[in-house]
Every structure is written in C-alpha cells, then in structure tokens.
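Residue numbers (UniProt numbering): 1 to 165. For reference, the structure is listed below as structure tokens.
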C-alpha cells in the first residue's frame, strides 16, 4: 500500500479575508481523497489535520514504552538545532528536515521545510513559521526502503533531535 500527501503552508497574508491565512496558519494539500489542491478548513496549529495525525503516530509510540517496541526505527532530523534552540542554522545546508518512522513491515517519511518543526515530544506548530510559505510531502513506504533513506541521510549534515533504532 502506497499513500502520500503533499502540503503547501501559505505565507501569512494580512490582507486576506480568511483569518487562517491572515495568521499564517493556512495550508493547502492533496492526497488520495483530495486529488486537487484543497484549502484546509483548519490551520497548521490545529491537531485535527493530516500532518498532526501523521506525527501523532510517532508521538504515540515514542512516548509509550509498551508501544515503542512496535517501532523498528524512528528519527526526527533537521539542518537546524531542534526546539528550544534558537538561531542555529547553516547558510550552506538545504532545508533538510523530516521525520521517519518504521515498523517491521512499513513506515512513513515526512520531508518538509518548516523551521524548528516538529517538536520531539508533542505536536506544536512553531511560532516562527507563520510568515513564510513552506512545503512538505509524506509518503508511506515498505520496510525495505529504510536502507535507502539511511544512505541519503549520510550525505547531508543533520542534527538529530530524537531517534530509536
């Protein structure tokens, strides 16, 4: 089973009639149910949307020792130091940020450009990420893909905020 979603976090536009767009929380996305760009009726700060639902799988397993045995591998990575560190970034690195979570059979890889996101303990959209537009993609993959993801991570400079292996 292969699934995916793509999202674009709309930059803050104070002149918009839409409050979520004014606040810089709005995003559009498409997935297998919405085959064209669709404006979410909730913002990125909400826990009631696809990105938060996906990351909740990580939090549920990461914060529960009994459930974490179901995970084979999980990692959050970034080219910036994780929350609450401020101001650390590289002018020579790309926007290399993501979350990878795998069980013995399959997993997901969420790749995005949102600074200081996600936190490793709970879903919270960072206050510094409302002004600009951001992109992300999440794909479900079979377990065999994990080795390829690892090879890609070796090639870039990353800070690991939390991992299990």
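Don't be surprised by glycine CBs; every beta carbon is placed ideally from N, CA and C.
Which residue comes first and which comes last in the alpha helix (DSSP H) that contains residue i?
i           : result
residue 32  : From DSSP, residue 32 is part of no alpha helix (DSSP H); its letter is neither H nor E.
residue 152 : 146 to 154
residue 49  : Unbroken run through residue 49: none, as it is neither H nor E.
residue 19  : 19 to 23
May I ask you to list the residues that DSSP assigns as paired with residue i?
i          : result
residue 98 : 77, 111
residue 7  : 29, 136
residue 39 : 28
Taking the beta carbon of residue i as the centre, do at least 16 other beta carbons fall within 10 Å, making it buried, or is it exposed?
i           : result
residue 39  : exposed
residue 154 : exposed
residue 122 : exposed
residue 36  : exposed
residue 24  : buried
residue 53  : exposed
residue 78  : buried
residue 11  : exposed
residue 97  : buried
residue 63  : exposed
residue 147 : exposed
residue 61  : buried
residue 13  : exposed
residue 34  : exposed
residue 182 : Nothing can be reported for residue 182, as the shown portion of the chain is limited to 1 through 165.
residue 150 : exposed
residue 19  : exposed
residue 51  : buried
Hey, could you find the ends of the beta strand (DSSP E) residue i is sitting in?
i           : result
residue 134 : 134 to 142
My understanding is that residue i touches residue j, with C-beta atoms under 8 Å, so please give their C-beta distance in whole angstroms.
i           : j           : result
residue 129 : residue 139 : Incorrect: roughly 22 Å between the Cβ atoms, too far for contact.
residue 4   : residue 137 : 7 Å
residue 105 : residue 143 : 6 Å
residue 6   : residue 125 : The pair is not a contact, with the Cβ atoms about 18 Å apart (cut-off 8 Å).
residue 8   : residue 28  : 5 Å
residue 71  : residue 99  : Not confirmed; about 12 Å, so no contact.
Short of 8 Å in beta carbon distance, which residues of its chain neighbour residue i, apart from the five on each side in sequence? Order them along the chain.
i          : result
residue 48 : 42
residue 59 : 121, 122, 123
Excluding the 5 residues preceding and the 5 following residue i in the sequence, name in chain order all residues of the same chain whose CB lies nearer than 6 Å to its CB.
i           : result
residue 135 : 8, 113
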